[in-house]
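Residue numbers (our numbering), protein chains in the order written: chain A, 1 to 118; chain B, 1 to 556.
Report on the following structure.
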Amino acid sequence: MAAAPKRVPLPAILLANDLLDGDVVFAVAGANGQLIWTRDPALALVASDDPAAESLEAFAAAELAGNRVVDAYLVDVTMETGQPVPRHFRERFKTLGPSNRPDLGKQAGDGISAGQRA
Amino acid sequence: MYRYDEFDERFVRERVAQFRDQVSRRLDGSITEDEFKPLRLKNGVYLQLHAYMLRIAIPYGTLSSKQLRQLALIGERYDRGYGHFTTRQNLQFNWPKLRDVPEILDLLADVEMHCIQTSGNCIRNVTADHFAGVAQDEIEDPRPTAELIRQWSSLHPEFDYLPRKFKIAVTGAEHDRAVIKAHDIGLRLRRHPDTHEISYEVSVGGGLGRTPMIGKVVRDYLPKDDLLAFLEAIMRVYNLEGRRDNKYKARVKILVHEIGVEEFRRRVEEEFARLDGPSVNADPAEVARIAAYFKAPDYEVLPATSRVLEATKAANLGFARWVEVNTIPHKAPGYAALTISLKPVGEAPGDATSDQMRLVADLAEQYSQAEIRVTHAQNLVLPYVRQRDLFAIWQRLGEAGLASANIGLITDIISCPGLDYCALATARSIPIAQAIQHRFADDNRQKTIGELNIKISGCINACGHHHVGHIGILGLEKRGIESYQITLGGDATENAAIGEILGPGLAAEDVPDAIERIVNVYLSERTEGESFIENVRRIGLAPFKAAFQEVAHAVA
Chain A
1 MAAAPKRVPL PAILLANDLL DGDVVFAVAG ANGQLIWTRD PALALVASDD PAAESLEAFA
61 AAELAGNRVV DAYLVDVTME TGQPVPRHFR ERFKTLGPSN RPDLGKQAGD GISAGQRA
Chain B
1 MYRYDEFDER FVRERVAQFR DQVSRRLDGS ITEDEFKPLR LKNGVYLQLH AYMLRIAIPY
61 GTLSSKQLRQ LALIGERYDR GYGHFTTRQN LQFNWPKLRD VPEILDLLAD VEMHCIQTSG
121 NCIRNVTADH FAGVAQDEIE DPRPTAELIR QWSSLHPEFD YLPRKFKIAV TGAEHDRAVI
181 KAHDIGLRLR RHPDTHEISY EVSVGGGLGR TPMIGKVVRD YLPKDDLLAF LEAIMRVYNL
241 EGRRDNKYKA RVKILVHEIG VEEFRRRVEE EFARLDGPSV NADPAEVARI AAYFKAPDYE
301 VLPATSRVLE ATKAANLGFA RWVEVNTIPH KAPGYAALTI SLKPVGEAPG DATSDQMRLV
361 ADLAEQYSQA EIRVTHAQNL VLPYVRQRDL FAIWQRLGEA GLASANIGLI TDIISCPGLD
421 YCALATARSI PIAQAIQHRF ADDNRQKTIG ELNIKISGCI NACGHHHVGH IGILGLEKRG
481 IESYQITLGG DATENAAIGE ILGPGLAAED VPDAIERIVN VYLSERTEGE SFIENVRRIG
541 LAPFKAAFQE VAHAVA
């Protein structure tokens, strides 16, 4: 049996691209505690322990299978002023948008003010 | 320009309908992402960092005003008001929604365009010299050849699942502006010294990426009539013997390298001899039909040099400079081929807004037979401009921020989208290009330095052609930060060469300093009239390495 893929160090958040429009989305706890998607990286649920990370992984698998998102994976983060920031620069750009175009992407509020829930 | 016949039209429309059905089946869950991915890629749809990306084929970089206006409309209606012209003469939109892609494909089909074979392991969009049909050094227009190959390779059933992607470029000129030596197949139209017949020099196994190679000649003079059979022979040898076990060794360049060009040539010639040539080669009537679409326009009879142009140049130095840098002599007296720079200092190389696209479409319609070319260096060309109209064009381009006089100069940088957009990238490219542009923004300084090609890729796949840049920059990740490796001495022309690495990778903020040191070596070492690349070839890498090391050590 193949070894389970190594999980990123914690704390971590779950991100993906929305299947329909490609937007980057983040897992967040909904009103009833169940996981849902948000387009606002500041709201992403931060998993700090194994059970929380497993819950995000299970949600990712279900949502991939349910054809609601693509390319879902956990991203290790640090907390900066109370918000999760990816440790790796690649994912930092993914939560912001093109660095040469501050008028585009999440850094410009794309899709966030219009409706925070995916 | 080539116009679709009924078959082309039906074929593209059917393909849109097919993809619309595939998208709806993906959205209703009938097919999985694993099943859908190869289907969307075959229609030019990638998933990038922030969104989907749609790559639109612009065969051999030739566009009509109508087509460019439609691209502007799509950019405005379905994207963020801009598009990115690529090093394969295509256009990419960075923000389309998957649900909108079938609508976009319909709009493209309305103007005889599509996204077929802009991705996947097939024969990709064929590229060509952007000055096709107008350059003075041209022996024959390469576009009829490129169009013939496009038709032959479109959904060719035998070559739809190749070991890896396959890129073909064609030039008909002495000076190679199509980078043919860095393509899987490079074709050069040339005259046979004895018979004077126009034929093809066929090179195979060029390519950039993680294993850069310069193409090797497998046939010096291929009769034009035999083109498709010979290409088919090459494709068969590759399709059968190219590696499928390792995607990093699957390109034809690796096969040519592993078995040697002599053996590769022998196998191709053997296959070529076995093929029933007449059944594969194009019907001469069809070749003539295609060629007729590329007939030169009815040029006005004009003096070789326009007096109006000379007078406006004398009265306006900025305009004179732009004419000197951005136009080339034309086959037809009194005309010029004009390159519109998409490299204004501080903008993303190759990006154009919808408004800018519309302006260029209007200018082409008014002044250039409604035709535009996309260059592999990510600029646009108006190929048929009367010299006397240049001033009016310059004024209107200036109002839209498109009158940079920098073609071929240090700020005319090729850059892939890099990590600002691309999911494969390991580092950013665009901000590096912008920083270098700012450092060398002064027009006089650029003029003093002269021709210098900087090419930047944000990963080893080398979409930014860094290996063949006079100065190449490759963005990598090193210990969790972006790191830039600099190469020197690459050349994308008929003197094709792969650049050599100067030293350890640099942090982004140190790159402009390093470039400046390299340029300063050239300025102090050059002889009268010697260009940057000629200087590098003459004095070798050592002086440049020494200057580079000063920056590398200072930051180490």
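Idealized CB from N, CA, C, for every residue including glycine.
Contacts of residue i in chain B (Cβ-Cβ under 7 Å)
i               : result
P11 of chain A  : Going along chain B, no residue has its Cβ under 7 Å from P11 of chain A, so there is no contact; the nearest lies around 17 Å.
L104 of chain A : R80
Assigned secondary structure, residue i (DSSP; H/G/I helix, E/B strand, else coil)
i               : result
I13 of chain A  : strand
A118 of chain A : Unreliable placement is indicated for A118 of chain A, whose pLDDT of 42 sits below 50; no coordinate value is reported for it.
K478 of chain B : strand
L227 of chain B : helix
Q83 of chain A  : strand
F93 of chain A  : helix
I31 of chain B  : coil
I328 of chain B : strand
G83 of chain B  : strand
G186 of chain B : strand
R373 of chain B : strand
I112 of chain A : coil
A427 of chain B : coil
T527 of chain B : coil
K545 of chain B : helix
S279 of chain B : helix
L41 of chain B  : helix
D412 of chain B : coil
A320 of chain B : helix
S99 of chain A  : coil
T312 of chain B : helix
Proximal residues of chain A, C-beta to C-beta of residue i below 7 Å
i               : result
I430 of chain B : N100
G29 of chain B  : N67
I97 of chain B  : Reading off the sequence shown, one finds Lys at residue 97 of chain B, where the question assumed Ile. Here the neighbours are L20, D21 and G22.
L49 of chain B  : F93 and K94
Q434 of chain B : N100
Y52 of chain B  : G22
Beta bridge counterpart(s) of residue i as assigned by DSSP
i               : result
F93 of chain B  : B:L54
I234 of chain B : None, per the DSSP bridge assignment.
I340 of chain B : B:L380
W37 of chain A  : A:A27
H216 of chain B : First, the residue type needs correcting, since residue 216 of chain B is Lys and not His in the sequence shown. DSSP lists B:V204 as partners of K216 of chain B.
K295 of chain B : None, per the DSSP bridge assignment.
Y46 of chain B  : B:M53
V551 of chain B : The partner list for V551 of chain B (beta bridge, DSSP) is empty, contrary to what the question assumes.
E500 of chain B : B:L488
D18 of chain A  : A:V69
P118 of chain B : Here residue 118 of chain B turns out to be Thr, not Pro, going by the sequence shown. DSSP, once it has assigned bridges, lists no residue as partnering T118 of chain B.
I198 of chain B : B:R191
T127 of chain B : B:A169
R386 of chain B : B:Y335
L240 of chain B : Note: L240 of chain B sits in no beta bridge, so no partner.
D106 of chain B : According to DSSP, D106 of chain B bridges with nothing at all.
V75 of chain A  : A:I13
Proximal residues of chain B, C-beta to C-beta of residue i below 9 Å
i              : result
D40 of chain A : Correct list: empty, because the minimum Cβ distance to chain B is about 14 Å.
D71 of chain A : E33, L47 and A423
F89 of chain A : L419, A427, R428, E477, G480, I481 and E482
N32 of chain A : Correct list: empty, because the minimum Cβ distance to chain B is about 24 Å.
Closer than 8 Å at the beta carbon, the chain A residues around residue i
i               : result
L155 of chain B : Simply none; closest approach about 26 Å.
D420 of chain B : F93, P98, S99, N100 and R101
Chain-ordered chain A contacts of residue i [CB-CB under 9 Å]
i               : result
A348 of chain B : P98, N100 and R101
Y248 of chain B : Result: empty, since nearest Cβ-Cβ is about 21 Å, beyond 9 Å.
At least 3 beta-carbon pairs within less than 8 Å: the segment 79 to 99 of chain B vs the segment 346 to 360 of chain B: Verdict: yes, contact present.
Inter-stretch contact (C-beta, 8 Å, three-pair minimum) for the segment 305 to 312 of chain B and the segment 44 to 58 of chain B: Counting Cβ pairs under 8 Å, fewer than three are found: no touch.
Ordered list of beta strand (DSSP E) runs contained in the segment 440 to 496 of chain B, each at least 3 residues: Listed in chain order, the complete beta strand (DSSP E) runs (minimum 3 residues) inside the segment 440 to 496 of chain B are 454 to 457, 471 to 478 and 481 to 488.
Touching by the beta-carbon criterion (3+ pairs, under 8 Å), the segment 450 to 467 of chain B and the segment 525 to 535 of chain B: Taking a contact to require three or more Cβ pairs closer than 8 Å, the segment 450 to 467 of chain B and the segment 525 to 535 of chain B qualify as touching.
Inter-stretch contact at 8 Å, needing at least 3 Cβ pairs: the segment 476 to 491 of chain B / the segment 511 to 531 of chain B: With a cut-off of 8 Å, the segment 511 to 531 of chain B and the segment 476 to 491 of chain B count as touching, because enough Cβ pairs lie within range.
Whole beta strand (DSSP E) elements within the segment 137 to 167 of chain B, 3-residue minimum: Those beta strand (DSSP E) runs which fall completely within the segment 137 to 167 of chain B and span 3+ residues do not exist here.
Sufficient close CB pairs (3 or more, under 8 Å) joining the segment 380 to 397 of chain B to the segment 128 to 146 of chain B: Output reads yes: the segment 128 to 146 of chain B touches the segment 380 to 397 of chain B.
The segment 59 to 75 of chain B touching the segment 99 to 117 of chain B, judged by at least three CB pairs closer than 8 Å: Segments in contact, yes.
Contact between the segment 171 to 180 of chain B and the segment 491 to 500 of chain B (3+ Cβ pairs under 8 Å): Verdict: yes, contact present.
The segment 459 to 469 of chain B / the segment 210 to 217 of chain B touching (three or more Cβ pairs under 8 Å): The way I'd put it, the segment 459 to 469 of chain B does touch the segment 210 to 217 of chain B; three or more beta-carbon pairs between them come closer than 8 Å.
Any 3 or more C-beta pairs closer than 8 Å across the segment 409 to 417 of chain B and the segment 430 to 449 of chain B: With the cut-off at 8 Å, the segment 409 to 417 of chain B and the segment 430 to 449 of chain B touch.
Three CB pairs or more closer than 8 Å across the segment 501 to 511 of chain B and the segment 474 to 483 of chain B: With contact defined as three or more Cβ pairs closer than 8 Å, the segment 501 to 511 of chain B and the segment 474 to 483 of chain B are in contact.
Given 8 Å, three or more beta-carbon pairs between the segment 139 to 149 of chain B and the segment 95 to 111 of chain B: No: fewer than three Cβ pairs fall under 8 Å.
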